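Asks: To start, I am sharing the structure in question, which I have written as structure tokens.
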Amino acid sequence: IWTADFILGDKVDGKDTYFVGEFNCSCVGITQQLHLVEQVADAAIEISTPKAPEGAAPAAAAGVPVMKPQPANPEGTVIVLECRGGSDKGADGHRRDTIPICNALIKKDWCAMPMFYDDECCEKVKAELLTCKGFIARVNPGTYAGVTQSVLDQMLRDVAAAGVAPMSHPDVMIKMGAKDALVKIKDLSCGMPDTYAYYDIESFKEQFPKSVASGTRVLKQNRGSQGEGIWVCNVKEGQEGEVSGATMLCLQEAFDNHKEEKSIDEFMTFCEMYIKGENGQLIDQRFLPRIVEGELRVNMIYKTPTEVVHKKPAEGGISATLASGAKYVSYKPDAPEVAPLIESFVHQDLPKVMPALGLETAPIPLIWTADFILGDKVDGKDTYFVGEFNCSCVGITQQLHLTSKVA
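When the sequence shown is numbered by the working numbering, its final residue is 388 and no position is left out of the sequence of numbers.
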């Protein structure tokens, strides 16, 4: 809504001329012209609907999803919460799966819309969320300017405490995504009982030499991704037996499969950076030799597996990232190749996971993944151990056919 003020100029060929004296678009009112509100609504919809460049295909055909009209009598409202910027956005400024998720909810007669968060509009967003039945948080932790994760998390806690359904609750994302979740599930069949968590340097230096003396171990930092700060550690050949700070270790990082050697003391000093700072911790687990066969990622929507991806490392490597040369093969959850994994995790362990994490009253995340490594065969059957959970903004951009299940 805006105005333009004109002043008459000299006539030219008997016709008036007009010159702008001022533009005004700062909160122009239409209190005396309320009959124009429908035109305002039509214009607002036109402005907010993404347009393809001139000469291009229509927006939907060009890959930019268009929001469907909201239902006349919705069952309730769900807000999909995002942050501006970041590498996960499309041409319309939204995550590429945000509008499809909204449209899937709209199709089921729910009002659904995206909303952007930053710290400056925290109270405004909170007030809006408090009017809804639920929210879907689609914010990658720590990747956006103007967003303080702790402020966002506390606001979402307050909203959830007021009775708005969280998808997912910030405490669920923190506890489930932290590496020490592997310690908390160590008594489940998908966990390893000889798993340790180090929250301080003293306990790390006390226990780790004993652990690595017993066999090959894997150290995992809590921060980082793509295998960064995940080390396979074993005592150098010829130095087995009683170990000391001078005992040499053979080390390999999962990030890029590179190898190096350090003494136990040198390596523990190096690893102190993983423990220091916010959310610093190290997880110490037994090495599973079948990691060379790859890892299995189970993609989940709430309680339902939707896909299992086998990530096979490059020859001689342990990294399952595409950048390291790993190959990915996808299976449907009912494929016979993955039936034992689905049976053991989804049908047996899944009901016990949230209580094991201290989240008895929290619902399972909306969209999440669980990564597994093959263990030794027992009675001729494969065993599977969780290497990581991820429920922080897992994308389904390549699986948009699943939006109905998300809704």
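Each residue gets a CB set at the ideal place from its N, CA and C atoms; glycine is no exception.
Fair warning: this is a prediction, and the values are worked out from it, not measured in the lab.
For L331, which of G306, L303, V367 has the nearest alpha-carbon?
Replies: The sequence position of residue 331 within the sequence shown is 350, counting from 1. Comparing Cα-Cα distances from L331 to each of G306, L303, V367, the minimum goes to V367.
Asks: Classify G158 as helix, strand or coil using the three-state DSSP reduction.
Replies: Taking the sequence shown and counting its residues from 1, one reaches residue 158 at position 177. G158: helix per DSSP, three-state reduction.
Asks: Is the separation between the beta-carbon of I182 and that of I60 shorter than 8 Å?
Replies: Counted from its first residue, the sequence shown places residue 182 at position 201. Counted from its first residue, the sequence shown places residue 60 at position 79. Cβ atoms of I182 and I60: not closer than 8 Å.
Asks: My assumption, with CB atoms under 8 Å, is that K160 sits in contact with N121. Please give the rounded CB distance.
Replies: The sequence position of residue 160 within the sequence shown is 179, counting from 1. The sequence position of residue 121 within the sequence shown is 140, counting from 1. About 18 Å; that fails the 8 Å criterion.
Asks: Any chance you could list the alpha helix (DSSP H) runs of at least 4 consecutive residues sitting entirely within the region -7 to 79, in chain order?
Replies: DSSP assignment within the region -7 to 79 yields the following whole alpha helix (DSSP H) runs of 4 residues or more, N-terminal first: 18 to 29.
Asks: Whole angstroms is fine: what's the gap from E341's alpha carbon to I272's?
Replies: Sequence index remark: in the sequence shown, residue 341 carries index 360 (1-based). Sequence index remark: in the sequence shown, residue 272 carries index 291 (1-based). Using only the alpha carbons, I get a separation of about 31 Å.
Asks: Can you tell me which of M154, A235, V310 puts its alpha carbon nearest to the alpha carbon of Q207?
Replies: Translated into the one-based positions of the sequence shown, residue 207 becomes position 226. Checked all of M154, A235, V310; the closest Cα to Q207 is A235.
Asks: In the DSSP assignment, the beta strand (DSSP E) including K362 goes from what residue to what residue?
Replies: Taking the sequence shown and counting its residues from 1, the one referred to as residue 362 is at position 381. 362 to 371 is the extent of the beta strand (DSSP E) around K362.
Asks: Work out the CA separation of V153 and R77 for me, nearest whole Å.
Replies: Here residue 77 corresponds to residue number 96 of the sequence shown, with the count starting at 1. Here residue 153 corresponds to residue number 172 of the sequence shown, with the count starting at 1. Linking R77 to V153 through their CA atoms gives a straight-line distance of about 24 Å.
Asks: Could you tell me if I299 is buried or exposed, where buried requires 16 or more neighbouring beta carbons within 10 angstroms of its beta carbon?
Replies: Locating residue 299 in the sequence shown gives position 318, counting from the first residue. Buried, since its Cβ has 16 or more Cβ neighbours within 10 Å.
Asks: Nearest CA to the CA of G297: which residue from D23, E218, E221, H239?
Replies: In the sequence shown, the residue the question calls residue 297 occupies position 316. It is H239.
Asks: Alpha carbon to alpha carbon, what distance is there between W349 and N54?
Replies: What you label residue 54 is simply residue 73 of the sequence shown in a count that begins at 1. What you label residue 349 is simply residue 368 of the sequence shown in a count that begins at 1. C-alpha separation (whole angstroms): 31 Å.
Asks: Which of the three DSSP states, helix, strand or coil, is assigned to Y255?
Replies: The residue labelled residue 255 in the question sits at position 274 within the sequence shown. Y255 falls in the helix class under three-state DSSP.
Asks: Under three-state DSSP, which class holds E221?
Replies: Here residue 221 refers to the residue found at position 240 when the sequence shown is read from its first residue. DSSP places E221 in coil when its eight states are reduced to three.
Asks: Quick check on DSSP: helix, strand or coil for K191?
Replies: The count along the sequence shown starts at 1 and reaches residue 191 at position 210. Residue state, collapsed to three classes: helix.
Asks: Thinking just about the alpha-carbon of each residue, which of Y98, Q51, I80, C92 is nearest to the one in R65?
Replies: For this step, residue 65 is matched to residue 84 along the sequence shown. Minimum Cα distance to R65 is reached at Y98.
Asks: Just how far apart, CA to CA, sit Q266 and W212?
Replies: Reading the sequence shown from its first residue, position 285 is the one you call residue 266. Reading the sequence shown from its first residue, position 231 is the one you call residue 212. Straight-line Cα distance between these residues: approximately 10 Å.
Asks: For Y365, collect the residues of the same chain with a Cβ closer than 8 Å to its Cβ; drop the 5 residues on either side in sequence, then sort them by chain order.
Replies: For this step, residue 365 is matched to residue 384 along the sequence shown. Taken in chain order, the residues that qualify are C171, L277, P321, L322, S325, F326, F353, I354, L355, G356.
Asks: Find out if the Cβ-Cβ distance for the pair F116, P147 is shorter than 8 Å.
Replies: Here the question's residue 116 lines up with position 135 in the sequence shown. Here the question's residue 147 lines up with position 166 in the sequence shown. Between F116 and P147, the C-beta spacing is below 8 Å.
Asks: Could you spell out the range, first to last residue, of the beta strand (DSSP E) harbouring S244?
Replies: In the sequence shown, residue 244 corresponds to position 263, counting from 1. Here the beta strand (DSSP E) through S244 covers 240 to 244.
Asks: Given this structure, state the Cα-to-Cα distance separating V334 from G158, to the nearest angstrom.
Replies: Translated into positions along the sequence shown, residue 334 becomes position 353. Translated into positions along the sequence shown, residue 158 becomes position 177. Near 13 Å, if we compare the C-alpha coordinates of G158 and V334.
Asks: Below 8 Å CB to CB, which residues in the same chain sit around Q262 once its five sequence neighbours on both sides are set aside?
Replies: The residue you call residue 262 lines up with position 281 of the sequence shown. A159, K160, D161, A178, Y179, Y180, Q202, N203, Y255, I256.
Asks: In the DSSP assignment, find the unbroken alpha helix (DSSP H) run with M136 in it and report its ends.
Replies: For the purposes of this step, residue 136 is identified with residue 155 of the sequence shown, where counting begins at 1. Residues 130 to 142.
Asks: In terms of residue numbering, what span does the alpha helix (DSSP H) encompassing A337 cover?
Replies: By one-based count along the sequence shown, residue 337 stands at place 356. 331 to 337 is the span of the alpha helix (DSSP H), which, as asked, contains A337.
Asks: Entirely within the region 254 to 317 and at least 4 residues each: give me those alpha helix (DSSP H) ranges in chain order.
Replies: The region 254 to 317 contains no whole alpha helix (DSSP H) run of 4 or more residues.
Asks: Tell me the residue span of the beta strand (DSSP E) that contains V199.
Replies: Here the question's residue 199 lines up with position 218 in the sequence shown. In this chain, the beta strand (DSSP E) harbouring V199 covers 198 to 202.
Asks: Between the region 225 to 232 and the region 243 to 250, can you find at least three pairs of beta-carbon atoms closer than 8 Å?
Replies: yes
Asks: If you check the beta carbons only, do D52 and C113 fall under 8 Å apart?
Replies: Along the sequence shown, read from residue 1 onward, the residue named residue 52 stands at position 71. Along the sequence shown, read from residue 1 onward, the residue named residue 113 stands at position 132. Looking at the sequence itself, residue 52 is Pro, so the reference to Asp does not match. Contact: no.
Asks: I need the DSSP call for M96, collapsed to helix, strand or coil.
Replies: As a working mapping, residue 96 is identified with position 115 in the sequence shown. In this structure, M96 counts as strand in the three-state DSSP scheme.
Asks: For S225, does the count of other Cβ atoms within 10 angstroms reach 16, so buried, or fall short, so exposed?
Replies: Residue 225 sits at position 244 when you count from the first residue of the sequence shown. Exposed, because fewer than 16 other Cβ atoms sit within 10 Å of the Cβ of S225.
Asks: Measure how close the beta-carbons of S390 and A295 come, nearest whole angstrom, since I'm counting them as under 8 Å.
Replies: Nothing about residue 390 can be read from this structure; the chain reaches only from -18 to 388.
Asks: Identify, in the order they occur along the chain, each residue of the same chain with its Cβ nearer than 6 Å to the Cβ of M136, setting aside the five sequence neighbours on each side.
Replies: By one-based count along the sequence shown, residue 136 stands at place 155. So the list reads C103, K107, once near-sequence residues are dropped.
Asks: Apply the 10 Å Cβ neighbour rule to T12 and answer buried if 16 or more other Cβ atoms are within range, or exposed otherwise.
Replies: Position 31 of the sequence shown, counted from the start, is the residue given in the question as residue 12. Counting Cβ neighbours within 10 Å, T12 comes out exposed, since fewer than 16 surround it.
Asks: Compare the C-alpha of M94 against each of F268, S7, A118 and name the closest.
Replies: Here residue 94 is taken as the residue at index 113 of the sequence shown, counted from 1. Among F268, S7, A118, the Cα nearest to that of M94 belongs to A118.
Asks: So K284 and I345 are supposed to be a Cβ contact under 8 Å. How far apart are they, rounded?
Replies: Along the sequence shown, one-based indexing puts residue 284 at 303. Along the sequence shown, one-based indexing puts residue 345 at 364. Yes, they are in contact, since the Cβ atoms of K284 and I345 sit about 6 Å apart, within 8 Å.
Asks: How far does the alpha helix (DSSP H) with A146 in it reach, from first residue to last?
Replies: Here residue 146 refers to the residue found at position 165 of the sequence shown. Run containing A146: none in the alpha helix (DSSP H); it sits in the beta strand (DSSP E), 146 to 148.
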